[in-house]
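The structure under discussion appears below in the form of structure tokens.
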Amino acid sequence: MKQSAPPHDYLANKKPSSHLADTVEFILTTTGHSEDILVRPFSFGRNQTLKAAFLYVEGLCNEEAVEKMISRARFFAKKEPDVFERAQQYLEEVGHTETLNRFRPLIDKLFTGYAICVIDGFSTPIAVAVPLYAERPVSEPMTEKVVRGSREGFVENVRTNISLLRRRIGDEQLWIETKTIGTRTKTKIMIAYMNDIVDKNMLRELHTRLDRIYTDSVLEDGNIEELIQDQTYTPFPTVYSTERPDTTAAHLLEGKIAILSDGSPMALIVPALFVQFFHNAEDHTQRADIGTLIRLLRFMCIFIAMLAPSFYIAITTFHQELIPTGLLGNLAAQQEGTPFPTFVETLMMEVTFEILREAGIRMPQPVGQAVSIVGAIVIGQAAVQAGIVSAAVVIVISITAIASFVFPSYSIGVPIRILRFGFMALAASFGLLGICIGFTAVLLHLSTLKSFGIPYLKGLSPFVWKDQTDTIFRAPKWLMDERPEATTKSNQTRQRTPKPSPKD
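Using my numbering, read the sequence shown as starting at 44 and increasing by one per residue.
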């Protein structure tokens with residue numbers, strides 16, 4: 044369906060007046076005489092013959108810089124006829140300047156930390172870049188912690204985040220592009236990529252998707268993720284998000300593209316493949332054997348977190364012959380004292396655990412940890428003693444919960460939690476056959492997904508032999524000579540380091 048044209052912006056063609064008072068009054072009227080928009084009248088020169096005024100937003104603009112320009116204005120020597128050009132050069136000593144002949148760019152600059160200098164007798168205001176950057180310091184990432192590795196995480200200032208990337212990749216081929224999205228929020232986003240490595244077709248596709256966005260607000264990176272992803276109706280994320288600069292730099296060096304949004308401490312990485320959601324920065328700071336062992340443990344936890352409750356339901360309901368005789372007797376004795384079938388017991392405990400998880404996340408951190416730990420212990424123990432659920436169910440749900448916390452990326456844990464309930468229903472209906480049907484359906488769904496045209500399971504299906512050095516296993520660094528085939532078609536050579544050998 045053809046999209047309707049955006050409404051006409053009357054400010055786009057409206058020109059400032061040459062009269063100082065008229066221009067100032069129009070700006071104040073347009074912005075509703077907001078209390079945070081300040082006007083500072085002043086004059087250039089000792090004789091104060093050239094009247095002017097600064098307009099700026101309190102809290103967005105560096106007021107010390109404005110005061111400095113005003114205090115030095117009396118030393119300005121007025122000379123005709125180049126007075127305006129000389130005034131602009133004078134202001135440029137403090138910050139970058141731009142001349143504005145329309146009200147739309149003037150208002151936009153005003154709300155991005157510029158001080159607008161309006162000079163009486165001239166219809167072209169001057170915008171001086173003196174923004175005030177109020178931000179929290181760079182600190183350790185909250186969701187992607189490592190034992191060995193960097194402790195730096197992104198912050199809400201996009202320029203600080205770009206500087207963190209520049210510190211790690213000191214190469215002229217790291218190119219940064221800027222876009223503004225949101226007709227009202229005017230959110231600045233920056234696109235980072237390695238120009239000599241990135242797939243240019245993928246880069247053009249990203250620009251096409253970003254240019255297609257027409258919305259009045261982009262407040263979080265999640266808004267951008269939802270508007271550029273390949274497929275909407277899937278629980279699996281097709282855009283990777285991270286708050287670690289070192290992880291982002293590693294992806295850039297593999298030919299991927301990073302999207303950083305002002306106001307968000309996260310970077311979006313495209314394309315995103317299924318296996319990378321189970322990789323962690325610590326995989327490459329540890330030795331290859333340790334990194335591989337930890338990575339294999341994570342992949343094993345996928346099956347535990349997704350299938351453990353459903354296997355318990357299927358075996359105890361349909362396939363008791365698979366249970367050792369001694370254990371079967373214990374389970375039967377426990378089940379006799381509970382009023383509900385196994386599926387209902389497991390479902391109740393799963394829902395209870397999900398409630399505790401969300402409560403622990405949303406509440407203040409010290410209280411949230413107490414709620415999660417005490418709630419799980421007290422409710423589980425009380426439920427067993429009251430005969431509502433069996434002890435075996437509590438054990439299975441506890442193991443499942445612990446396994447679900449192993450994943451480095453929070454976004455991949457959500458679909459696994461969702462699918463867990465589906466597998467439980469299939470196991471209660473059809474036993475192990477239902478689990479097999481559900482697992483096959485999930486694999487078929489994963490095989491149809493794409494991220495920016497790249498198959499979601501690339502490396503595994505279709506199988507790429509040379510990419511196996513950093514897919515499920517983590518090979519030694521001296522074997523990782525090539526970049527992944529899925530993300531770059533040119534400049535695939537990463538290194539040519541020989542195998543370490545002892546000194547003769």
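Just so you know, even glycine gets a beta-carbon here, dropped at the ideal spot from N, CA and C.
Work out the CA separation of T226 and T258 for me, nearest whole Å.
What you label residue 258 is simply residue 215 of the sequence shown in a count that begins at 1. What you label residue 226 is simply residue 183 of the sequence shown in a count that begins at 1. Using only the alpha carbons, I get a separation of about 6 Å.
message = One question on the structure: do I113 and F85 come within less than 8 Å of each other, judged by their Cβ atoms?
response = Locating residue 113 in the sequence shown gives position 70, where the first residue counts as 1. Locating residue 85 in the sequence shown gives position 42, where the first residue counts as 1. Yes, the pair counts as a contact, with Cβ atoms nearer than the cut-off.
Self-check item: Contact belief for T140 with V181 at Cβ below 8 Å, rounded distance in angstroms
Solution: Locating residue 140 in the sequence shown gives position 97, counting from the first residue. Locating residue 181 in the sequence shown gives position 138, counting from the first residue. Not confirmed; about 30 Å, so no contact.
- [ ] State the DSSP-derived secondary structure class of A429, mapped to helix, strand or coil.
- [x] For this step, residue 429 is matched to residue 386 along the sequence shown. In this structure, A429 counts as coil in the three-state DSSP scheme.
Helix, strand or coil: how does DSSP classify E364 here? Position 321 of the sequence shown, counted from the first residue, corresponds to residue 364. Note: E364 maps to helix in three-state DSSP.
How would you label C104, buried or exposed, when you count the other beta carbons within 10 angstroms and need 16 or more for buried? The count along the sequence shown starts at 1 and reaches residue 104 at position 61. Buried is the call here.
Who are the Cβ neighbours of K94 in its own chain at under 7 Å, not counting the five residues just before and after it? In the sequence shown, counting from the first residue as 1, residue 94 sits at position 51. Within the same chain, K94 has close Cβ partners L63, S86, D163.
Alpha helix (DSSP H) segments (min. 4 residues) lying fully within the stretch 111-153
126-135, 146-153
- R202 by DSSP, collapsed to three states: which one? Mapped onto the sequence shown, residue 202 falls at position 159. In this structure, R202 counts as helix in the three-state DSSP scheme.
- Message: On a Cα-Cα basis, can you pick out the residue from H76, F127, Y99, R526 that is closest to T167?
- Response: Position 124 of the sequence shown, counted from the first residue, corresponds to residue 167. The shortest C-alpha separation from T167 is found at F127.
Can you tell me where the beta strand (DSSP E) with T223 in it begins and where it stops? Locating residue 223 in the sequence shown gives position 180, counting from the first residue. 217-224 is the extent of the beta strand (DSSP E) around T223.
Completely contained beta strand (DSSP E) runs for the stretch 448-498, where each covers 3 or more residues: none
Requested in this report: Confirm the yes/no value for this check: CB of K94, any heavy atom of the ligand NAP, distance under 7 Å.
Outcome: The model on display carries no ligand, and the ligand NAP is accordingly not part of it.
- Alpha carbon of T531 to alpha carbon of Y236, nearest angstrom: Reading the sequence shown from its first residue, position 488 is the one you call residue 531. Reading the sequence shown from its first residue, position 193 is the one you call residue 236. Approximately 12 Å, taken between the alpha carbons.
- Count the other CB atoms, across all protein chains shown, that sit within 10 Å of the CB of T285; report buried if there are 16 or more and exposed otherwise. Here residue 285 is taken as the residue at index 242 of the sequence shown, counted from 1. With 16 or more Cβ atoms within 10 Å of its Cβ, T285 is classed as buried.
Unbroken stretches of the beta strand (DSSP E), 3 residues or longer, contained in the stretch 284-308: 300-304
Exercise. Ends of the beta strand (DSSP E) at F552?
Worked result: Only positions 44 to 547 of the chain appear in this structure, which leaves residue 552 out of reach.
ask   = Got a sec, what are the start and stop residues for the beta strand (DSSP E) A402 sits in?
value = Position 359 of the sequence shown, counted from the first residue, corresponds to residue 402. From DSSP, A402 is part of no beta strand (DSSP E) but of the alpha helix (DSSP H) over 385-405.
### Message
Between which two residues does the beta strand (DSSP E) holding F245 run?
### Response
Mapped onto the sequence shown, residue 245 falls at position 202. Residue identity check: residue 245 is Met in the sequence provided, not Phe. Not the beta strand (DSSP E): M245 falls in the alpha helix (DSSP H), residues 243-254.
When you compare only the Cα positions, how much space is there between L149 and I159?
-> Locating residue 149 in the sequence shown gives position 106, counting from the first residue. Locating residue 159 in the sequence shown gives position 116, counting from the first residue. Rounded to the nearest angstrom, the two C-alpha atoms are 8 Å apart.
Mind checking who T74 pairs with in its DSSP beta bridge?
-> For the purposes of this step, residue 74 is identified with residue 31 of the sequence shown, where counting begins at 1. Paired residue(s): none; T74 is not in a bridge.
Note to self: Using only CA atoms, which one of T203, D79, E364 lies nearest to E178?
What the structure shows: Indexing the sequence shown from 1 puts residue 178 at position 135. Looking at the Cα atoms, T203 is the closest of the given residues.
Practice problem: Taking the CB atoms as reference points, tell me whether T360 and M467 lie closer together than 8 Å. | Solution: Position 317 of the sequence shown, counted from the first residue, corresponds to residue 360. Position 424 of the sequence shown, counted from the first residue, corresponds to residue 467. Contact: no.
Same chain, Cβ closer than 8 Å to A331, five either side skipped, listed in chain order: Looking up residue 331 in the sequence shown gives position 288. Closer than 8 Å at the Cβ level, and outside the excluded window around A331, lie R517, A518, P519, K520.
Practice item. Determine the extent of the beta strand (DSSP E) in which L93 is found, giving its start and end residues. Key: Taking the sequence shown and counting its residues from 1, one reaches residue 93 at position 50. 93-100 is the extent of the beta strand (DSSP E) around L93.
How about T443 and A351: are their beta carbons less than 8 Å apart?
Residue 443 sits at position 400 when you count from the first residue of the sequence shown. Residue 351 sits at position 308 when you count from the first residue of the sequence shown. In contact: T443 and A351 (Cβ atoms closer than 8 Å).
For A116, which residues of its own chain have a beta-carbon under 6 Å away from its beta-carbon, when the five flanking residues on both sides are left out?
Within the sequence shown, the letter at position 73 stands for residue 116. Same-chain partners within the cutoff: F85, F87.
Worksheet entry | Helix, strand or coil at E68 according to DSSP, with G and I counted as helix | Residue 68 sits at position 25 when you count from the first residue of the sequence shown. In the structure shown, E68 sits in a helix (DSSP, three-state: H, G or I).
| said: Can you find the residues in the same chain that come closer than 8 Å, C-beta to C-beta, to V109, ignoring five residues on each side of it along the sequence? | reply: For the purposes of this step, residue 109 is taken as the residue at position 66 of the sequence shown. Closer than 8 Å at the Cβ level, and outside the excluded window around V109, lie R83, F97, Y99, A158, V173.
Spatial distance of D575 from F118 (CA atoms): Not covered by the structure: residue 575. The range shown for the chain is 44 to 547.
Practice item. With a threshold of 16 other CB atoms inside 10 Å of the CB of N144, please say whether the residue is buried or exposed. Key: On the sequence shown, position 101 is the one that residue 144 refers to. Answer is exposed; the Cβ neighbour count stays below 16.
Discussion item. I'd like the list of long-range same chain contacts for I271, defined as Cβ closer than 6 Å, with 5 residues on each side in sequence excluded.
Written reply: Here residue 271 refers to the residue found at position 228 when the sequence shown is read from its first residue. Closer than 6 Å at Cβ, skipping near neighbours: R252.
inquiry  = Below 8 Å on the Cβ atoms is my contact criterion, and I expect F386 with A471 to pass it. Report the Cβ-Cβ distance as a whole number of Å.
reply    = Here residue 386 refers to the residue found at position 343 when the sequence shown is read from its first residue. Here residue 471 refers to the residue found at position 428 when the sequence shown is read from its first residue. Contact holds; Cβ gap of about 4 Å.
Cβ neighbour criterion (16 or more within 10 Å) applied to A48
Residue 48 sits at position 5 when you count from the first residue of the sequence shown. At A48 the pLDDT is 41, less than 50, meaning the model places this residue with poor confidence; the figure from the coordinates comes in the next sentence. With fewer than 16 other Cβ atoms within 10 Å, it is exposed.
Checklist entry - In three-state DSSP terms, what is L316? => result Locating residue 316 in the sequence shown gives position 273, where the first residue counts as 1. Note: L316 maps to coil in three-state DSSP.
Q.
Spatial neighbours of S61 within its chain, please: C-beta separation below 7 Å, excluding the five flanking residues on both sides.
A. Against the sequence shown, residue 61 aligns to sequence position 18. Correct list, in chain order: G164, F165, S166.
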